[in-house]
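See below for the structure under consideration.
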Amino acid sequence: MTILEELQWRGLIADCTDLDALGARLRAGPTTLYCGFDPTGDSLHVGHLMGQLTLRRFQLAGHHPLPLAGGATGMVGDPGGKSAERNLLSREELAHNVSCIKQQLSRLLDFEAPGNPARLLDNADWTAPLTYLDFLRDIGKHFSINVMVAKDSVRSRLEGEHGLSYTEFSYMLLQAHDFYHLRQAHGCELQIGGSDQWGNITAGTDLIRKKLGATAWGLTFPLITKADGTKFGKTEGGAIWLDPRKTSPYRFYQFFINTDDQMLGGYLRKFTLLPREAIEALEARHQADPGAREAHKALAREVTTLVHGEAALADARRASEIMFGGGLDGVSEAVFKDVVGEVPTVDFDASRLGAPDLSLPELLVHSGLSPSKGQARKDIEGGGIYLNNVRASEVGRRVTAADLLFGQYLLLRKGKRTYAVIRAR
RNA sequence: GGUGGGUUACUCAAGUGGCCAACGAGGGCGGACUGUAAAUCCGCCGGCUAACGCCUUCGAUGGUUCGAAUCCAUCACCCACCA
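Those letters in the first sequence? Residues 1 to 425, by our numbering.
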């Protein structure tokens, strides 16, 4: 199976500037490709795994991957996919974000691979020194406003009520310039990205053709949606981040464990490096015995290992076992402590335990499980609250030192799977 | 510029003087069932309170009234038709 056939099978090809010609080029020998990641936040999230993993797949096929941090493009903001102008990030925020993202980008790829090591780049390195006048003369001259205005990302904003600033309008020129620069400096012939990047990518291939008379390709993967059509990677608690301080490996693991059956096959293909045979075998096993949820476990295991490593996976699984594997009976203090920190954990003043004014609703609010005491009361009355995995149905339930696990912890749970740990201090 | 219509809780949307913390739907959260699913059924969804109840909400401000989301005035924004 060629790399393109594999991507096709995995459902990772949404669009290509010229699939046949690209296929021919890839068969001829290794090439160099890039994928950009803008530092809009201090961490990437699961959605960004698509780009990183696709780079990795190309690397495994012998090509040279260039992960790119958008230190320059992040200063301007991509107008695509948004309905309103974005606020510019401060230079400090941006610098912080870039350094965070660079760290994450260096995890999934092999920077030591003999022959085709990955190289981490930052487009600020070649964009910052450019002068405005040179840019207008050398790059801007090649762009037709008529064409730019016709791009989806721009058109939707012009038709929308918020419009579009000159700054964001210029974004695609910067990205096109990146591709052009990489073509020259690194022989980069292919840019990959989400399908929302199509306009920006083709702006680059056009620029390369006009300025260099050379060919370059663009390849996009489809944006993932959930079974219910909502945005992938967002949960009630917010996005699923790659940064373990923002999304614990336990929650990360749980996110994939909870994958909707309909999406299983697609996620296994898109988010794991498992070979086709392994994935098809998992799907067959899932068909035969859906209740065993082997495919869910394999998916969660693979992705968690890729992003957080073996050790974190082990902790996440152990925590999951405690949470969902039955009661707390027989759980040792050492094992329980693995849960602490994986699950949202808050500290609490131990001297207040047993005080007459300390009620369960108060702890629920303190732990963040309930938004207000009134709601906490309703949650308790509805039978959805558990203290140390025992249903607590009395609103007036007092919490005392006798409830502490291992003399220090309270395990609160709302519903089937939302846990919080309170640590008495 | 003229005339008419609208602005209600997370969203859509009822409500035109007291029975309204406000119908209904979607969505969310819980419960039962299950596989930590889906579908289905049930409960809850402004705040505070153990509870009686109290407090704050219906675009904004002021007014009429014993009493207003509901009536009046002014302002803001949106929509429709006419110019």
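By construction, the Cβ of each residue, glycine as well, lies at the ideal position given by its N, Cα and C atoms.
A quick note: this is a predicted structure, and the numbers were derived from the prediction, not measured.
- Per DSSP, the beta-bridge partners of Thr220 are Asp15 and Gly193.
- For Pro67, the uninterrupted beta strand (DSSP E) run begins and ends at His64 to Ala69, by DSSP.
- Considering only Val46, Leu412, Leu404 and Leu405, the residue with the shortest C-alpha distance to Leu223 is Val46.
- Closest option to Arg397, judged by alpha-carbon separation, among Tyr419, Glu362 and Ile422: Glu362.
- Here Lys210 is exposed: its Cβ has fewer than 16 other Cβ atoms, across all protein chains shown, within 10 Å.
- Taken atom to atom, the span from the alpha-carbon of Arg245 to that of Leu12 is near 29 Å.
- Between the segment 20-40 and the segment 242-259, the count of Cβ pairs shorter than 8 Å is below three; the stretches do not touch.
- For Arg107, there is no enclosing alpha helix (DSSP H), as DSSP marks it with neither H nor E.
- Contact annotation: Asp18 and Cys100 have beta-carbon atoms that are not nearer than 7 Å.
- Within the same chain, and ignoring the five residues on either side of Asp315 in sequence, the residues whose Cβ sits closer than 6 Å to its Cβ are Asp338.
- Here Arg91 is not near Gly77, since their CB atoms are 7 Å or more apart.
- Proximity of the segment 331-351 to the segment 414-424 meets the contact definition, three or more beta-carbon pairs being nearer than 8 Å.
- Secondary structure of Asp347 (DSSP, three-state): strand.
- Judged by their CB atoms, Thr202 and Gly218 are nearer to each other than the 7 Å cut-off.
- Annotated as distal: Leu66 and Leu108, with beta-carbon spacing of 7 Å or more.
- The bridge partners DSSP lists for Thr32 are His64 and Cys188.
- Per DSSP, the beta bridge partners of Lys414 are Ile385 and Thr418.
- Under a 10 Å Cβ-count criterion, Ala28 is classified as exposed, with fewer than 16 other Cβ atoms of the shown protein chains found around its own Cβ.
- Pairing Gln408 with Thr400, the inter-Cα distance amounts to about 11 Å.
- For Pro361, the enclosing alpha helix (DSSP H) stretches over residues Leu360 to Ser367.
- In this chain, the alpha helix (DSSP H) harbouring Thr202 covers Trp198 to Leu212.
- Taking a cut-off of 8 Å for Cβ pairs, the segment 169-181 and the segment 128-145 touch, as three or more such pairs fall below it.
- When DSSP reads this structure, His45 sits in a beta bridge with Trp241.
- DSSP, reduced to helix, strand and coil, places Asp122 within a strand of the structure shown.
- Annotation for His296: the continuous alpha helix (DSSP H) segment containing it runs Glu294 to His308.
- Looking only at Gln104, Ile257 and Val343, the smallest Cα-Cα distance to Leu412 is reached by Val343.
- Within its own chain, the residues whose Cβ lies closer than 6 Å to the Cβ of Gly51, once the five positions on either side in sequence are excluded, are Cys35, listed in chain order.
- In this chain, the alpha helix (DSSP H) harbouring Gln287 covers Arg276 to Ala288.
- Here DSSP, grouped into helix, strand and coil, assigns Leu4 to helix.
- Within the same chain, Ala316, Ala319 and Glu342 come within 6 Å of Tyr250 by CB-CB distance, once the 5 residues on both sides are set aside.
- Residues Leu360, Ile380, Ile385 and Tyr386 of the same chain have their beta carbon placed closer than 8 Å to that of Ala392, with the five preceding and five following residues left out of the count.
- With fewer than 16 other beta carbons inside 10 angstroms of its own, Trp9 counts as exposed.
- Here Val390 carries a strand assignment [DSSP, helix/strand/coil].
- When Ala185, Met172 and Gly194 are compared, the shortest CA-CA separation from Asp206 is found for Met172.
- Distance from Phe256 to Leu299 at the Cβ level is roughly 5 Å; contact confirmed, criterion being Cβ atoms closer than 8 Å.
- Nearest Cα to Ile192 within the set His48, Ser351 and Lys373: His48.
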